[in-house]
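Novice: Mapped onto our numbering, the consecutive letters of the sequence shown carry residue numbers 14 to 326. Quick reminder that beta carbons are idealized off the backbone N, C-alpha and C, glycines included. The structure presented is a predicted model; accordingly, all values stated were derived computationally and were not measured.
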Amino acid sequence: MNAFHLLPVAASTLASRVDAIFLTLFAVTGAVALAVACLIVYFVIRYRKGATVDRSQPPAGERWLEVTWIVLPLLVFFGFFGWAAWTYTDLEQPPADAMPIFVVGKQWMWKLQHSNGRREIDELHVPLGRPVQLILTSQDVIHSFYVPAFRVKQDAVPGRYTSLWFTATHAGSYPLFCAEYCGSQHAGMGGQVVVMEPAAFSQWLAAGNSAPELAAVGAERFRYYGCSGCHAVDANVHAPDLRGIWGRQVHLADGRTVTADARYLRDSILLPRQDVVAGYAPIMPSYQGRIGEEDLTAILEFLRSAPDKATGG
Ligand code: CUA
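1) Could you name the residues that DSSP lists as bridge partners for residue 6?
2) Under 9 Å between the Cβ atoms of residue 291 and residue 251?
3) Hey, how far is the Cα of residue 159 from the Cα of residue 191?
4) Do residue 303 and residue 259 come within 9 Å of each other at the CB atom, strictly closer than that value?
5) Applying the criterion that 16 or more other CB atoms from any shown protein chain within 10 Å of the CB defines a buried residue, is residue 25 buried or exposed?
6) What is the DSSP secondary structure of residue 296, reduced to helix, strand or coil?
7) Can you grab the Cα-Cα spacing for the pair residue 66 / residue 101, in whole Å?
8) Helix or strand or just coil, what does DSSP make of residue 245?
9) Going by the DSSP bridge assignment, what does residue 178 pair with across the sheet?
10) From this set, 80, 60, 77, which residue's C-alpha is nearest residue 71's C-alpha?
11) On the CB-based measure, 16 or more other CB atoms within 10 Å of its CB, does residue 308 come out buried or exposed?
12) Taking 8 Å as the cut-off, does the CB of residue 193 come closer than this to any heavy atom belonging to the ligand CUA?
13) List in chain order: all unbroken beta strand (DSSP E) runs of 3+ residues lying wholly within the stretch 174-219.
14) With DSSP as the reference, please indicate the residues paired to residue 118 in a beta bridge.
15) For residue 99, which option in 154, 34, 50, 20 has the closest C-alpha, if you only look at C-alpha atoms?
16) Specify the secondary structure class of residue 102 as computed by DSSP and reduced to three states.
17) Going by other Cβ atoms of all chains shown within 10 Å of its Cβ, with 16 needed for buried, is residue 51 buried or exposed?
18) Grouping DSSP H, G and I as helix and E and B as strand, with all else coil, what is residue 265?
19) By Cβ distance, which residues of its chain are closer than 7 Å to residue 175, with the 5 residues on each side in sequence left out?
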């Protein structure tokens, strides 16, 4: 690990793809810059004052040359754009079976929580070879979750969820940074991501965890805040059925269709008038200021992991 690396170690499935784009772009633009620099030096020497060269017929224009140097780079860079956009799309869309981990940034630490309730601070343990999705937010200012070895970086923004996913390809521990200036101890806000063999990870996850399952806490909170009063299948109030809501396509009253991800569910709880489901009246009260991040997280995990129980029963 102490050897010199031009790039950080690559330890995720997307890392090699990001590197390939970076290195190709670097090689192509580097080659062009080098060629231009060499030609400048060559012409400066060849056509210097007093040199005996033929200057009788300076070229006035060369249509095919101009067309070539406009069209060729254009095509090359459209190619780069398509390649990068394709990779970015994959980077933005976690696989459906990704294991969720909830992350809250605060001045100046990363607080992480696994589905089974186990918490970590400034250290994240993940299994090897399995897609992991981090659902991030912040309880004060903007932070940015950055793991160079995975080539992933995502802002953690107060008041909303952002997401990031990766599949680790090599066991080991990798530095974790905060990549958004967030106050006097920003530089110290970091830790490490520990990638473990799946069996060792399961053991680690279960060991010393006395916290209840996040989904169980969520089920209790779901009742505590009265969600079940309206969203139960047999409730008198006409409210959307939440069974299997996670990841489902939802048709909204204004004609839009959205995927029910963490962001959508969070907004529906805090800003219920924003995305009203088609066929329902906008009667849900806002829970803004009445529900904390931790309870929100628990309710989300409950909706995600217990799709058939979200009836409020
Ligand atoms: Cu948190 Cu910089």
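Specialist: In this structure, then:
1) Nothing can be reported for residue 6: it is not among the residues displayed for the chain, which extend from 14 to 326.
2) no
3) 6 Å
4) Here residue 259 is not near residue 303, since their CB atoms are 9 Å or more apart.
5) buried
6) coil
7) C-alpha separation (whole angstroms): 52 Å.
8) coil
9) Looking at the DSSP assignment, residue 178 forms a beta bridge with 146.
10) 60
11) buried
12) Indeed, a heavy atom of the ligand CUA lies less than 8 Å from the Cβ.
13) Listed in chain order, they are 175-180, 185-191, 203-209.
14) 123, 151
15) 34
16) helix
17) By the neighbour-count rule (16 or more Cβ atoms within 10 Å), residue 51 is not buried but exposed.
18) strand
19) 149, 167, 168, 169
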